[in-house]
Structure formats: C-alpha cells, structure tokens
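Numbering (the numbering used here), first residue to last: 2 to 158.
1. Just checking, does the region 92 to 107 make contact with the region 138 to 155 on the three C-beta pairs under 8 Å criterion?
2. Report the three-state DSSP secondary structure of residue 136 (helix, strand or coil).
3. Between the alpha carbons of residue 130 and residue 106, how many angstroms are there, rounded?
4. So, at 8 Å on beta carbons, what are the nonlocal neighbours of residue 122 in its own chain, with the 5 sequence-adjacent residues on each side left out?
5. Looking only at its chain, what residues have a beta carbon closer than 8 Å to the beta carbon of residue 153, apart from the 5 residues adjacent to it on each side?
6. To the nearest angstrom, how far is the alpha carbon of residue 95 from that of residue 74?
7. Mapping DSSP to helix, strand and coil, what is residue 97?
8. Taking 7 Å as the limit between beta carbons, can you name the residues of its chain near residue 143, skipping five residues before and five after?
9. By Cβ distance, which residues of its chain are closer than 8 Å to residue 156, with the 5 residues on each side in sequence left out?
10. What is the DSSP secondary structure of residue 74, reduced to helix, strand or coil?
11. How many Å lie between residue 67 and residue 133 at the Cα?
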C-alpha cells in the first residue's frame, strides 16, 4: 500500500506493508531487491483486490472465517464482528479484509506524521522516551466505512 500525500512544498510517500500480506518478509535473507519486488506485487494486489482471490478458499468454509479472524488477531475486533464484516461484504476475497485493516493503520500512521510534521518526525522518534503507539480506530463501524470505500474503488475501475 503506498500513499503520496502533498504536504507543503514536499511530497511524502510511504510504502507500508502489513506482515499478513507479505509473510516472506520474515526471512532474514531477503535482499532489498526482493523487498522491492515483493512490495510491488503487494501494491498491485492492493490496487486490484478482487482479482487476488485464492482458488478454493470460499466464504462458506470455516477456514475462510479462520483466516479472516487471524487478520484481526490482537486487534479489538471480536469473532462476531469479523463474521458480521464478512457478511457485509459478500463475494470479497481474504485480501479485501486484510486491505481494510491495512488502510486503517496506514491512515492512522499518516495522521500521526501530519500531526508531528515531516520535519520534526526524526527528532520526535529518536528523542521519544518510548516508541509511539499507533492505536488505529479498529471498530466494526470504521471497518464497514473503509470497506465501502474499497468496494467503491473496485467499481470505479
């Protein structure tokens, strides 16, 4: 997922890749070239989430729900809310739900950067007593709102 945001006279761009969408990044021998290739592939999938569905992974299987629940593991989202989210967006692949989570975290991080200011970001991170906490507003309501945006983007293509 990449964002380019105009801030003053400068452009800010950040490639934020969620670990669930890019499990190969856990391999220590990954080179920068491989990271760029993998990142490009992930961004292409983000641009066309409908085509990234895995064959055989149907919404009716417990495995599908397990994968979707795993996407939100550690987040303040219950299993019932994940089930509601899956029912709200019929015919969407697993990657769609991973994209929802990523978009909310991406927007939270972008908001943090804008609040701190690009020029102050380095000093803020280096001089901080503890790492900043990014508490993305992961609620069912926000997930549905972001999901609708993704659906709208799919239909705009």
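Where is the CB? At the ideal position from N, CA and C, for every residue including glycine.
Treat the numbers as computed from the prediction; the structure is a model and nothing was measured.
Put simply:
1. yes
2. For the purposes of this step, residue 136 is taken as residue 135 along the chain shown, with counting starting at 1. It is coil, neither helix nor strand.
3. As a working note, residue 130 is residue 129 in the chain shown. As a working note, residue 106 is residue 105 in the chain shown. Going from the Cα of residue 130 to the Cα of residue 106 covers about 22 Å.
4. As a working mapping, residue 122 is identified with position 121 in the chain shown. Correct list, in chain order: 114.
5. The residue you call residue 153 lines up with position 152 of the chain shown. Closer than 8 Å at the Cβ level, and outside the excluded window around residue 153, lies no residue.
6. Taking the first residue of the chain shown as 1, we reach residue 95 at position 94. Taking the first residue of the chain shown as 1, we reach residue 74 at position 73. Looking at the two C-alpha atoms, the distance is approximately 14 Å.
7. Counting from one through the chain shown, the residue named residue 97 turns up at place 96. For residue 97, the three-state secondary structure derived from DSSP is helix.
8. In the chain shown, the residue the question calls residue 143 occupies position 142. Cβ within range, chain order: 105.
9. Mapped onto the chain shown, residue 156 falls at position 155. No residues qualify anywhere along the chain.
10. Walking along the chain shown from the start, residue 74 turns up at place 73. Coil, per DSSP.
11. Counting from 1 along the chain shown, the entry for residue 67 is found at position 66. Counting from 1 along the chain shown, the entry for residue 133 is found at position 132. So the two alpha carbons sit approximately 30 Å from each other.
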